[in-house]
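*Asks:*
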Amino acid sequence: MAVPIDYATLRVVWWALLGILLIGFAIFDGFDLGTTMLLPFIGRSNTERRVLINSVGPVWEGNQVWFILGGGASFAAWPPLYAISFSGFYIAMFVVLVALILRPVAFKYRGKLDNQLWRNVCDWALFLGGLVPSLIFGVAFGNLLQGVPFHFDDELRAVYTGSFFGLLNPFALLCGLVSVVMLAAHGAAYVHMKTAGDIAERARHAGIATSLLTLVLFAVAGLCVYGWIDGYALAQPLDHAGPSNPLRKAVETSVGAWFGNYRVAPWTAAAPLIGLAGPLLTAVLLVARRPVASFLASALGLAGIIATPGLAMFPFILPSSASPDASLTAWDASSSQMTLFIMLVAVVIFLPIVLGYTAWVYRVLRGKVTPQMFEANRQAY
Amino acid sequence: MSGVDVVELSRLQFALTALYHFLFVPLTLGLSVLLAIMESVYVMTGRQIWRDMTMFWGVLFGINFAMGVATGITMEFQFGTNWSYYSQYVGDIFGAPLAIEGLMAFFLEATFIGLFFFGWDRLSKPGHLAVTWCVALGSNFSALWILIANAWMQHPVGSRFNPDTMRMEVTDFSAVLFNTVAQSKFVHTVSAGYVTGSMFVLSIGALYLLRGRHVELAKRSMTVAASFGLASALSVVVLGDESGYTTTQNQKAKIAAMEAVWHTEPAPAPLTVFGIPDTVHHETHDRIDVPWLLGLLATRSISTKIPGIINLVDEAKTRIHRGLEGYAAIARLRGNPQDGDARKMIADRQGDLGYALLLRRYVDDPMQATDRQIEQAAWDTVPDVDVLFWCFRLMVLLGFYFIALFAYAFYVASRRRLGRGRIFLYAALWSLPLPWIAAEVGWIVAEYGRQPWIIEGLLPTFLAASPVPVANVWISLIGFVVFYTALLVVDLYLLIKYVRIGPTESWEIPDFAGRKVPPGGVIVDRARLYPTPTPAG
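So the sequence lines, in the order shown, correspond to chains A and B. Residue 1 is where the first sequence starts when you use the working numbering, and the numbers rise one by one after that. Residue 1001 is where the second sequence starts when you use the working numbering, and the numbers rise one by one after that.
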């Protein structure tokens, strides 16, 4: 079968799609992760906590598929990325997994036993289930920017030589914090939009604080990338349609190299600018009590913040600190041309359908969540 | 070798988490369709009891569904965390059905499951019914895609080895999609799920009838379960036979081990109904044979032979030698990427390369392997005869038992005599765990029977594991055992609690105004339910 789209284009498309899936994940699942992170602080009584839980109750499950799809898409489109990141971050992934398994169980089972201790256990599980993945995803980005220690043997078997605690370095933890506060802000904006009364007001205050914090921490992280950590750059141009073998290139590293793309393609600077403007706008709109607009501003900010490292690193997708020449790039770590094409066809067919019925579900569930709703519906959480 | 521990532990972890995940999946598959059927009857007849049934079984479905989703994420992660070389080596082919599963199935079921529970009072009757069918459809699509992926591990079609990228790449996606193994496996597996769902409903219904509770709801539920269960039990056995047939074509060592066929016998081969396999002397004692039957079932001809284990080992030795020639060519190509002869040799030997890799268990460089090591590696291609022989017999026995039980249930239900004979009700009640046992041993036959391969004939399992520190795998393995056990306790506690509460009492609860709420907690007065929101503050 001849593939009607050239290899280089498909690679760029799949690089972009990976970013879009991550942004989709942050915008959709981000607000329910953020909401459960805020649960112990905003919800003071059981009724208030049930309002929060039921505000995300019907939709969190579909939202989480964005993450599962991100994993599946990286497996299919960037097999070495999936293989190295999941096995290299073994313990971190296990911790994320435990957190993600706690979520469905706590959501679904919390209301099934009328017992205060049980509810407290579930609330903690929900809090950790929101906090831990948010933190670790940010930490993962922090390590991505610094490069992770792996190399290949002759058979292209990847060997990761880092440790779990090596992941928790200062810059990575800073990125983890950016992720936590930005998703908390996003969750707060959502709660402010979906609830009324005291909870909404508390969410508004939390949202203003966390979005301003996002702004500051994101800016500090940017300064670190500019003046502190090593960036990576290709030593010579690489064949964009060459075989997916990451051992056929030379890479050099230097402080500030991640700012190289802004010189070559100044339009990429739009991402960090949106990443700074989004949280600021969110805070302003929350002060002005504009719930829908502030949620949209927060979503925009998330897109900017996530696109920033993606665009700055292009074409790198997973730099290797142990063996920079073995870094994975968009040009030498993808699936075959045919697989990328087939997967693109699947995305073009199914993603609009998914977005269509997701929109319908949100429309059905529109309106504010009130205690009366779940007191009437025994199947609520 | 230092890598062995990581491999063994990773295998154990994968088997445990997969078997655990597979406790919840069959019930999700079966119960989702049963819910959709019950709600369809409700929408068509408008009779309240069918809605009660949908809601009651829906609560149990929800408890089970949460566990299925949660434990499913583990499976997707594990290919990367514990089987990174596998992911790198075959991600080009295996990743695609997995990603499409997410796009086509997970989104569908996960997006609509929320509305199934939260949408009763927000949707029209047909609207909610459509939601329920979408959940059922999503679950079943999910089974389809994961079994397309799994079928490729059993019968890797439509792909080739690319020496430039040192991995398998897709050449014909439609061959992967329409893999004959995938088709029979899909129908066999979802039918097993339908049997599980039907047994769940039948057994709990029988419990209610034995106790004289919720009689009308139990009888109707059992009638649905009996008819759906009978059709599914027939399907599971027929498609099981189809699976056996495709296995005979593609995984000769697996079928030989399942049947303990040591030596190729004259066609058509007899079927050993019972016997004691002797793995030391390579024979089966105390055999009770049915002449011709295996040959007829497995090859659907009277002249095709079923190769015996001894003969397959000889064949494996030949393939190891052929594979070694390909292996040598890969080394030559690494020295000189322009070597056209080496490329030709690799293309010609790619089907046997995996056999050369089997030697890596005994020697770092397969080219240096001794005859004795080649002999050992050839014997490694034989799956565990004892386990396969007995698991397979247990599964088949249970399959026929399900047909009998559901046929009798169907007979009793259609004569409207449900609830009269207590022996049948006890039989139905105590049969509750059997579909799970059948499903788990079925998994063992299919996946343990694939060993030593992670991808049949292409990549040995022991080479596919991630090179992670063994301590990491211990941490995750122990973590899973502890965490999963705790979850199972909670899950079973809740299931039993909600079965005890039963349908009626749980729905007739006073609402916030002290009125009796109709089943499902539907409030007629929408203005009270959705008061106009007051401005914040």
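For glycine and all other residues, C-beta sits at the position ideal for the given N, C-alpha and C. None of these values were measured; they are calculated from a predicted model.
(1) Of the residues B:1163, B:1166, B:1165 and B:1159, which one's Cα is nearest the Cα of residue 1174 (chain B)?
(2) Using Cβ-Cβ distances below 7 Å, what residues of the segment 1462 to 1490 of chain B are close to chain A?
(3) Based on Cα-Cα distance, which residue from B:1322, B:1484 and B:1343 lies nearest to residue 1331 (chain B)?
(4) I'd like to know whether the C-beta of residue 1013 (chain B) is nearer than 8 Å to at least one C-beta of chain A.
(5) Using 10 angstroms around the beta-carbon of residue 1184 (chain B), count the other beta-carbons present and answer buried if the total reaches 16, otherwise exposed.
(6) What separation, rounded to the nearest whole angstrom, lies between the Cα atoms of residue 184 (chain A) and residue 39 (chain A)?
(7) Give me, in chain order, the residues of the same chain whose beta-carbon lies closer than 8 Å to that of residue 1481 (chain B); leave out the 5 immediate sequence neighbours on both sides.
(8) What are the start and end residues of the alpha helix (DSSP H) that includes residue 1388 (chain B)?
(9) Quick check: the segment 81 to 88 of chain A against the segment 1116 to 1132 of chain B, are there 3 or more CB pairs under 8 Å?
(10) Can you tell me whether residue 1280 (chain B) is helix, strand or coil according to DSSP?
(11) Which whole-angstrom value describes the C-beta separation of residue 1258 (chain B) and residue 1392 (chain B), a residue pair presumed to lie in contact below a C-beta threshold of 8 Å?
(12) Is it true that the segment 43 to 50 of chain A meets the segment 316 to 326 of chain A, where meeting means three or more beta-carbon pairs spaced less than 8 Å apart?
(13) How about residue 1281 (chain B) and residue 1310 (chain B): do their beta carbons lie closer than 8 Å?
(14) Quick one: using the 10 Å Cβ neighbour count with 16 as the cut-off for buried, is residue 6 (chain A) buried or exposed?
(15) So, does the CB of residue 1536 (chain B) fall closer than 8 Å to a CB anywhere in chain A?
(16) Could you work out which residues of chain B lie near residue 101 (chain A), taking near to mean beta carbons separated by less than 8 Å?
(17) Any heavy atom of the ligand PLP closer than 7 Å to the Cβ of residue 1009 (chain B)?
(18) Between the segment 234 to 243 of chain A and the segment 265 to 276 of chain A, do three or more beta carbon pairs fall short of 8 Å?
(19) Taking C-beta pairs closer than 9 Å, name the residues in chain B that residue 243 (chain A) reaches, listed in chain order.
(20) Quick one: does residue 206 (chain A) have its CB under 8 Å from some CB of chain B?
(21) Counting only beta-carbon atoms, is residue 1505 (chain B) nearer than 8 Å to chain A?
(22) Starting from the C-beta of residue 1389 (chain B), find all residues in its chain whose C-beta is less than 6 Å away, skip the five residues before and the five after it, and write them out in chain order.
(23) So with Cβ pairs under 8 Å, would you call residue 1132 (chain B) a contact of chain A?
(24) Output the boundary residues of the beta strand (DSSP E) element that contains residue 232 (chain A).
(25) Nearest chain B C-beta to residue 232 (chain A) closer than 8 Å, yes or no?
(26) Let me know if residue 1430 (chain B) comes out buried or exposed under the rule of 16 or more other beta-carbons within 10 Å of its beta-carbon.
(27) Looking at the strands, I want to know which residues DSSP matches up with residue 1162 (chain B).
(28) Apply the 10 Å Cβ neighbour rule to residue 250 (chain A) and answer buried if 16 or more other Cβ atoms are within range, or exposed otherwise.
(29) With 9 Å as the limit, tell me which residues of the segment 1084 to 1101 of chain B have their beta carbon closer than that to any beta carbon of chain A; keep them in chain order.
(30) Just to confirm, is the Cβ distance from residue 1139 (chain B) to residue 1028 (chain B) under 8 Å?
(31) Taking 8 Å as the cut-off, does the segment 1353 to 1365 of chain B touch the segment 1196 to 1208 of chain B (at least 3 CB pairs, one atom from each stretch)?
(32) Which of the residues in the segment 1345 to 1356 of chain B, read from start to end, lie with their CB under 8 Å from any CB of chain A?
(33) If contact is defined by three or more beta carbon pairs under 8 Å, each pair taking one atom from either stretch, is the segment 157 to 175 of chain A in contact with the segment 329 to 345 of chain A?
(34) Is the segment 1095 to 1114 of chain B close to the segment 71 to 82 of chain A, with three or more CB pairs under 8 Å?
(35) In three-state DSSP terms, what is residue 6 (chain A)?
(36) With a CB to CB cut of under 7 Å and the five nearest residues on each side skipped, what residues in its chain are close to residue 1324 (chain B)?
*Replies:* According to the structure data:
(1) Stepping through the second sequence from its first residue, residue 1174 (chain B) is reached at position 174. Ranking the options by Cα distance to residue 1174 (chain B), first place goes to B:1159.
(2) Residues of the segment 1462 to 1490 of chain B with a Cβ closer than 7 Å to any Cβ of chain A, in chain order: 1466, 1467, 1468, 1472, 1475, 1476, 1479, 1483, 1487 and 1490.
(3) Stepping through the second sequence from its first residue, residue 1331 (chain B) is reached at position 331. Taking only the C-alpha atoms, the option nearest residue 1331 (chain B) is B:1343.
(4) In the second sequence, counting from the first residue as 1, residue 1013 (chain B) sits at position 13. Not one chain A Cβ lies under 8 Å of residue 1013 (chain B).
(5) The residue you call residue 1184 (chain B) lines up with position 184 of the second sequence. Buried: at least 16 other Cβ atoms inside 10 Å.
(6) Taking the first residue of the first sequence as 1, we reach residue 184 (chain A) at position 184. Taking the first residue of the first sequence as 1, we reach residue 39 (chain A) at position 39. Straight-line Cα distance between these residues: approximately 10 Å.
(7) Along the second sequence, read from residue 1 onward, the residue named residue 1481 (chain B) stands at position 481. Only 1016 meet the Cβ criterion.
(8) As a position in the second sequence, residue 1388 (chain B) is number 388, starting the count at 1. Per DSSP, residue 1388 (chain B) belongs to the alpha helix (DSSP H) from 1385 to 1414.
(9) Proximity of the segment 81 to 88 of chain A to the segment 1116 to 1132 of chain B falls short of the contact definition, fewer than three beta-carbon pairs being nearer than 8 Å.
(10) As a first step, residue 1280 (chain B) must be located in the second sequence, where it is residue number 280. Here residue 1280 (chain B) carries a coil assignment [DSSP, helix/strand/coil].
(11) Residue numbering aside, residue 1258 (chain B) sits at position 258 when the second sequence is read from its first letter. Residue numbering aside, residue 1392 (chain B) sits at position 392 when the second sequence is read from its first letter. Right, the Cβ-Cβ distance comes to about 4 Å (below 8 Å), so this counts as a contact.
(12) Here the segment 43 to 50 of chain A makes no contact with the segment 316 to 326 of chain A; the two share fewer than three CB pairs at distances below 8 Å.
(13) Here the question's residue 1281 (chain B) lines up with position 281 in the second sequence. Here the question's residue 1310 (chain B) lines up with position 310 in the second sequence. When the beta-carbon positions are compared, residue 1281 (chain B) and residue 1310 (chain B) stay at least 8 Å from each other.
(14) Numbered from 1 along the first sequence, position 6 holds the residue referred to as residue 6 (chain A). Label assigned to residue 6 (chain A): exposed.
(15) Within the second sequence, numbered from 1, the residue matching residue 1536 (chain B) stands at position 536. Caution applies to residue 1536 (chain B), whose pLDDT of 40 falls short of 50 and renders its modelled position unreliable; the model cannot decide the point.
(16) Mapped onto the first sequence, residue 101 (chain A) falls at position 101. Ordered by position in chain B, the residues that pass the 8 Å Cβ test against residue 101 (chain A) are 1070, 1071, 1073, 1074, 1483 and 1487.
(17) Because no ligand of any kind appears in the structure shown, any question about the ligand PLP cannot be addressed here.
(18) With the cut-off at 8 Å, the segment 234 to 243 of chain A and the segment 265 to 276 of chain A do not touch.
(19) Taking the first sequence and counting its residues from 1, the one referred to as residue 243 (chain A) is at position 243. One finds 1162, 1164 and 1165 in chain B with Cβ atoms closer than 9 Å to the Cβ of residue 243 (chain A), taken in chain order.
(20) Residue 206 (chain A) sits at position 206 when you count from the first residue of the first sequence. Residue 206 (chain A) does not count as touching chain B.
(21) Position 505 of the second sequence, counting from 1, holds the residue named residue 1505 (chain B). Reliability of the predicted coordinates at residue 1505 (chain B) is poor, the pLDDT of 43 falling under 50, and the value obtained from them is presented with this limitation in mind. Not one chain A Cβ lies under 8 Å of residue 1505 (chain B).
(22) Along the second sequence, one-based indexing puts residue 1389 (chain B) at 389. The residues are 1260 and 1277.
(23) Your numbering for residue 1132 (chain B) matches position 132 in the second sequence. For residue 1132 (chain B), the nearest beta carbon of chain A is not closer than 8 Å to its own beta carbon.
(24) Reading the first sequence from its first residue, position 232 is the one you call residue 232 (chain A). Counting along the chain, the beta strand (DSSP E) containing residue 232 (chain A) begins and ends at 230 to 234.
(25) For the purposes of this step, residue 232 (chain A) is taken as the residue at position 232 of the first sequence. Chain B, which has no Cβ nearer than 8 Å to the Cβ of residue 232 (chain A), makes this no.
(26) Along the second sequence, one-based indexing puts residue 1430 (chain B) at 430. So residue 1430 (chain B) ends up on the exposed side.
(27) Indexing the second sequence from 1 puts residue 1162 (chain B) at position 162. Residue pairing for residue 1162 (chain B): DSSP places it in a beta bridge opposite B:1167.
(28) The residue you call residue 250 (chain A) lines up with position 250 of the first sequence. With fewer than 16 other Cβ atoms within 10 Å, it is exposed.
(29) Cβ contacts with chain A: 1084, 1085, 1086, 1087, 1088, 1089, 1090, 1091, 1092, 1093, 1094, 1095, 1096, 1097, 1098, 1099, 1100 and 1101.
(30) In the second sequence, the residue the question calls residue 1139 (chain B) occupies position 139. In the second sequence, the residue the question calls residue 1028 (chain B) occupies position 28. Yes, Cβ-Cβ distance for residue 1139 (chain B) and residue 1028 (chain B) is below 8 Å.
(31) At 8 Å Cβ cutoff, the stretches do not touch.
(32) Answer in chain order: no residues at all.
(33) Below 8 Å, too few C-beta pairs join the segment 329 to 345 of chain A and the segment 157 to 175 of chain A to call them touching: fewer than three.
(34) They touch, by the three-pair rule.
(35) Numbered from its first residue, the first sequence carries residue 6 (chain A) at position 6. Coil.
(36) For the purposes of this step, residue 1324 (chain B) is identified with residue 324 of the second sequence, where counting begins at 1. Excluding sequence neighbours, residue 1324 (chain B) sits near 1356, 1366 and 1367.
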